[in-house]
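Going line by line, the protein sequences match chains A and B. Residue numbering for the first sequence is 20 to 496, as defined by the numbering used here. Residue numbering for the second sequence is 24 to 236, as defined by the numbering used here.
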Amino acid sequence: MFAVLILIPLIGAAATWLIPSEGLRPKILALFSSFHLAVTIRMLLVTPPESAGRWFHFDALGKIVLLSTSVLFLACAVYSIGYFYYRQERSNRLLCMWLLVCLSAASLVTITHHLGLMWVALETTTICMAPLIYFNRNARSIEATWKYLLICSVGVALALIGLYFLAYATIVAKVEPTLLLDDLITGAGKLSSGWVHGAFVFLLVGFGTKMGLAPLHTWKPDAYGEAPGLVGALLSGGLVNLAFLALLRVYQLCVATREIAFFQDALVVMGLISMVVAAVFMARQADFKRMLAYSSVEHVGIMAVALGLGGKAVFGALFHILANGLTKGVLFLSSGNIHRSYNSKSTEQVRGALRRLPWSGGLFLAGFIAITGSPPFAPFISEFTIISTAFIQGRMLVGAIFLTSLAIIFIGMAMTVLPMVMGEVPAESESTSYRDSIGTVGPPLVLLLLVLVLGVWIPEPLLGLLRDGAQLLEVKP
Amino acid sequence: MITLADQLLVLVLLINFISLGTGRLIFAIRAVAVQGVILGILPGMIHSFSWHLVGITVVIIIVKGFIIPRLLGRAVHSAEIKREVEPFLGYVPTLLLGAIFTAFSFGFSGSLPMLPEHQNYMFVPASIATLMTGFLVLTTRRKAISQVIGYLILENGIFIFGLLLAGAMPVMVEAGALLDLLVGTFVMGIVMNQINREFSSLDTSLLTSLKEE
């Protein structure tokens, strides 16, 4: 089952590479993504046994991340059929192929318990995304790609030295040298604390860079701003969660080695800085895709704070993986439509989207309401859980900064989004051939419905999954 | 063999300073190539003979000593640039910082618990010093090529540490990490070419259109 999950996207990648027809390729992409989702669901229903050598182990944390990634990916793949109809000036061969390679590597991250292999897969996803950010082939996108590639590569390289420190800690402790998560957790008591401490610092910085936690977020607005909408959706709803999963693995180790207090404090501080940075830069943002990037910085901050708080908030963090991932899909895909229609992503020129594109404009507005944590959408539940945990634990300052940032972000984002969707279309606005159609509106609409359903009712199996995941991350006194 | 390995590590540290102090790009690329070859020889110094070891040595020497330097050399050639002009921080200050970082890494690694058989090696300080040198080059230089050189030095630092871990890292993971590095550098090479075409220069300080007002 594990091999099937990894191989299906790779076969799809080979197929998209070989097929000469521009129109057929996105359909192949969608076909293989639906196969991938089918395999994912089957693996969720019947958990495959641990592989020989225990390299592959599909636990609750991996399940949550794989599920959200696979659903989001399918939505983006279906969307690409409609999207590429409007982007016929460029070949979509590289984009379709690298997307599928990235999906394969992403699946590998979620199923492996070998930290070294996880690192290799995570670095592969980083490299796969570089040509996708450069899809538009202009000066701005090359700048974004360069920053993304350099900063993320360095970040992930730092995570590698963290892993090396961890492996050396096992050698010094005279236990069987290993990077298998389960063995590390079992032997955690014996590990030398100096090395483990160093390892956690490097791993936090490394995976934090990949995730885009402030102050390591500087690549994010550029990359999200210049990438096509569906790539932005996958970066902010998919890759971010993979890096978060890597941090969850580190967290599991921290719990086992009893270094958790230090790690939790670091997470809370970095998370709050991210939220404050997002609040500052969100206001008066002149480019709506960059605004979404800062929203992503905010939400990785929320997840980091939740993990740092521990207790009930961890449940919120895990639920936020799904809630944030799917809502980001709605926002980026609908913003891609608006961008196509106005041929601009400046908030000066984009006005009255609801009149010009009732569907895309409406989805963008609904996505904004969802992502800022308003009921009845899913992010409300996770954010409410996290805030209430902060106050129950008596951490008033954390709760206060958290709430204030959320409020400022709500106002800042509203000041950008509301003029965009309301009002009249400017007379001098460029007219383009883009019209809303089922192909470009359907996928974000389905994602929005999912976010809405999860906000009012969490199905029992998913609830069980989230509880199991939270249990894996429980800090025992 | 221990003393020879340590002497090679001293050479690695010297190359760090060379790359910090020079503005000539071709010279810096060659220095890093030599560093890569030394890294290829090092595993043979501390581990006993095996075919796996021979394989690693050959692959590393080819990749780090020849393929990547050639890729960078070609980029320098096609962009028709010879020197790093006006780095963000001058050569003398970066050299001084490099010296401070090297001293710091010797102090830092002294405080970490080591295996008795690794006690006398310089692997850990050399690794951390090289890592920091790479970071320094990466952050203070303007040209895209210099930044890639910095990234390579940083990876070399990580690699030196990896030498202590023979056994803990399975071959597949080791190979995967090396492959990722190669592909990463390759992609950077391609992106560099595009920067050159778009801006007619490899000066990354021209990349300023994406900024917050």
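Glycine included, each C-beta is placed from N, C-alpha and C at the ideal position. None of the values given here were measured: they were computed from a predicted structure.
query                                                                                                                                      : result
Chain B contacts from the stretch 65-89 of chain A (Cβ-Cβ distance under 8 Å)                                                              : none
Sub-8 Å separation of residue 264 of chain A and residue 386 of chain A beta-carbons                                                       : no
Beta-carbon gap between residue 112 of chain A and residue 44 of chain A smaller than 8 Å                                                  : yes
Residue 75 of chain A in three-state terms, based on DSSP                                                                                  : strand
DSSP three-state assignment for residue 210 of chain A, whether helix, strand or coil                                                      : coil
Proximal residues, the stretch 184-202 of chain A versus chain B, C-beta separation under 7 Å                                              : 186, 187, 189, 190, 191, 196, 197 and 198
Chain B residues whose Cβ lies nearer than 7 Å to that of residue 179 of chain A                                                           : 181 and 200
Whole-number beta carbon distance between residue 42 of chain B and residue 33 of chain B, since they are thought to touch under 8 Å       : With a Cβ gap of about 15 Å, residue 33 of chain B and residue 42 of chain B do not count as contacting.
Residue environment, residue 163 of chain B, which counts as buried when at least 16 other CB atoms sit within 10 Å                        : buried
Closer than 8 Å to chain A by CB, residue 69 of chain B                                                                                    : no
DSSP three-state assignment for residue 197 of chain A, whether helix, strand or coil                                                      : coil
Sub-8 Å separation of residue 243 of chain A and residue 315 of chain A beta-carbons                                                       : yes
DSSP three-state assignment for residue 45 of chain B, whether helix, strand or coil                                                       : coil
Three or more C-beta pairs below 8 Å linking the stretch 272-291 of chain A and the stretch 375-385 of chain A                             : no
Per-residue burial, residue 1 of chain B [other beta carbons within 10 Å of its own, 16 or more giving buried]                             : Missing from the structure shown is residue 1 of chain B; chain B here goes from 24 to 236 and no further.
Cut-off 6 Å between Cβ atoms - residues of its own chain near residue 302 of chain A, not counting five sequence neighbours on either side : 431
Proximity test, Cβ basis, 8 Å: residue 144 of chain B and chain A                                                                          : no
Those runs of the alpha helix (DSSP H) which lie wholly inside the stretch 272-355 of chain A and span at least 4 residues                 : 279-301 and 307-328
Neighbour flag for residue 185 of chain B against chain D, beta carbons, 8 Å                                                               : Of the protein chains in the structure, A and B, none is chain D.
Residue closest to residue 585 of chain A, alpha-carbon to alpha-carbon, out of A:57, A:27, A:211 and A:166                                : Because chain A here runs from 20 to 496, residue 585 of chain A falls outside it and cannot be looked at.
Proximal chain B residues relative to residue 278 of chain A, where beta-carbon distance stays under 7 Å                                   : Ordered by position in chain B, no residue passes the 7 Å Cβ test against residue 278 of chain A, which lies about 15 Å from the chain.
Residue 459 of chain A at chain B interface by Cβ criterion, 8 Å                                                                           : no
Residue burial classification, residue 454 of chain A (beta-carbon count within 10 angstroms, cutoff 16)                                   : exposed
Check whether residue 245 of chain A and residue 152 of chain A have beta carbons under 8 Å apart                                          : yes
Assumed close pair residue 205 of chain B, residue 77 of chain B - CB separation to whole angstroms, cut-off 8 Å                           : Their Cβ separation, rounded to whole angstroms, is 19 Å, which puts residue 205 of chain B and residue 77 of chain B out of contact at 8 Å.
Short-range partners of chain B found in the stretch 163-175 of chain A, where Cβ spacing is below 9 Å                                     : 163, 164, 165, 166, 168, 169, 172, 173 and 175
Reduced DSSP category for residue 455 of chain A - H, G, I as helix; E, B as strand; rest coil                                             : coil
Enclosing alpha helix (DSSP H) for residue 387 of chain A [first to last residue]                                                          : 377-390
Nearest to residue 311 of chain A (by Cα), restricted to the options A:321, A:53, A:183 and A:297                                          : A:297
Per DSSP, cross-strand counterpart(s) of residue 87 of chain B                                                                             : Residue 87 of chain B is not bridged to any residue.
Test item: CB-CB of residue 338 of chain A and residue 485 of chain A under 8 Å                                                            : yes
Chain-ordered neighbours of residue 90 of chain B on chain A, where CB pairs are closer than 7 Å                                           : Neighbours of residue 90 of chain B on chain A: none; closest Cβ ~16 Å, over 7 Å.
Neighbour list for residue 213 of chain A in chain B, Cβ cutoff strictly below 8 Å                                                         : 134, 135 and 136
Where the alpha helix (DSSP H) containing residue 165 of chain A begins and where it ends                                                  : 158-191
Option nearest residue 211 of chain B by Cα separation, candidates B:137, B:222 and B:172                                                  : B:172
Amino acids of chain A, ordered along the chain, whose beta-carbon sits closer than 7 Å to that of residue 218 of chain B                  : 161 and 165
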